[in-house]
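Numbering (full-length UniProt numbering), first residue to last: 1 to 106. For reference, the structure is listed below as structure tokens.
See the structure below:
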């Protein structure tokens, strides 16, 4: 398994303290089948809440986990949650650390 693409979108809510990061990615399995994933940066299923994907990216860059393990963790945290468009959520930043299966330098 390998992450083909991963993009971070940061949204600002109606109040200055309301921010949320969404990670949207495409994962390919060994047969080339792809799956879309959406991961919020804070996940209550994790016993140590924090920025899950950023932490996993750091581990991947440091070669502490494999590309396969990274992809499987993203699948574990996949969450179809969406930003409520009725409120004044605004996209404030976007970056793509993985493009065409290649991890960008930091």
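Glycine included, C-beta positions come from ideal geometry on N, C-alpha and C.
Between residue 66 and the rest of its own chain, which residues show a CB-CB distance below 6 Å, the 5 nearest in sequence each way excluded? Close CB contacts of residue 66 within its chain, under the 6 Å cut and outside five residues either way in sequence, are absent.
Can you tell me where the alpha helix (DSSP H) with residue 94 in it begins and where it stops? No alpha helix (DSSP H) contains residue 94, which is instead part of the beta strand (DSSP E) from 90-99.
Where do the ends of the alpha helix (DSSP H) carrying residue 59 lie? 52-61
Closest by CA to residue 92, which one among 56, 38, 13? 13
Do residue 37 and residue 27 have their beta-carbon atoms positioned less than 8 Å apart in this structure? In contact: residue 27 and residue 37 (Cβ atoms closer than 8 Å).
Using only the alpha-carbon positions, how far apart do residue 105 and residue 97 sit? In this structure, the straight-line span from the alpha carbon of residue 105 to that of residue 97 is close to 8 Å.
How many Å lie between residue 22 and residue 32 at the Cα? 24 Å
Verify whether the separation of the beta carbon atoms of residue 77 and residue 102 is less than 8 Å. With respect to residue 102, residue 77 sits apart: the two C-beta atoms are not nearer than 8 Å.
Other residues of its chain near residue 72: CB distance less than 7 Å, five sequence neighbours each side excluded: Closer than 7 Å at Cβ, skipping near neighbours: 1.
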